[in-house]
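Structure first, then comments.
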Amino acid sequence: MNRRDAAVAELQGRIGYSFADRELLERALTHSSVGNGATKVRHNERLEFLGDRVLNLIVAEHLAQLQPEAREGVLSKLMNQLVNYQACAEVARAIGLPDALRVDASATKVGARDNDRVLGDACEALIAALYIDAGLEAARGFVLMAWTKAFSELDTPRLKDSKTLLQEWAMARGLPVPRYEVVATSGPAHAPRFTIEVQLQGYPPERAEGGSKREAEKAAAELMLRKRDTAL
């Protein structure tokens, strides 16, 4: 068994389900970069589309049960807290999805395997695959298990990280969302260091280093935020 096969087996163990249709699981775990757009490669974008709808249904249904007296506006706010690409990426990391992904080598080099958008989409594709392979109850069982912590923290004030704060600041001013790029890597394979540059339209970029891409991205965003009251 090679490394990726072991990762896929571990993933199925963590979600508590073994797929009858292995090709369906492979499609859910295949990023669109694989095959450089070749039509013969079936990637997970269509499954992500379906999975997003299944996830929203399950979460909305559970929220309505948990908050029977809540008004629609309150439920919508809670939905936005529970269902977003960062939340899905967090679940993806918890179940070991990054190591099970099929990602083109060039996309891996620029951080696709650790990208919140990529992981969030793959998580939703996995939910769709569960729905197709075993039905709504299987998908519901996974979602309610994977989102247990998030549901339990609904009434707990959440501190926003620097990436979220910077994105909100930019969007409030009509700017595109900040972009993050890996500009350098160093160190051994078991302890890499990443230098990330954050780019915000109309403003000088900032760079920061960290032991993971996410750590470096947050540090770069924090540098940009510190200049918000001066350079920005």
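Mind the numbering: the sequence shown is residues 118 to 349 in our numbering, read in order. In this text, a Cβ means the ideal position worked out from N, Cα and C, and glycines have one as well. If you're wondering where the values come from, they're calculated on a predicted model, not measured in any experiment.
Considering only residues of the same chain and omitting the five flanking positions on each side of Gln318, which have a CB-CB separation below 6 Å? Leu292, Pro293
For Pro295, count the other beta carbons within 10 Å of its own beta carbon; 16 or more makes it buried, fewer makes it exposed. Which is it? buried
In the structure shown, what three-state DSSP assignment does Phe268 receive? helix
Which of helix, strand or coil does DSSP assign to Ser279? helix
Taking the beta carbon of Ser303 as the centre, do at least 16 other beta carbons fall within 10 Å, making it buried, or is it exposed? exposed
To the nearest whole angstrom, what separates the beta carbons of Lys330 and Gly237, a pair I think is in contact under 8 Å? The pair is not a contact, with the Cβ atoms about 15 Å apart (cut-off 8 Å).
Status (buried if at least 16 other CB within 10 Å, exposed otherwise) for Glu178: exposed
Distance, Cα to Cα, Ala124 vs Met196? 31 Å
As assigned by DSSP and simplified to three states, the class of Pro215: helix
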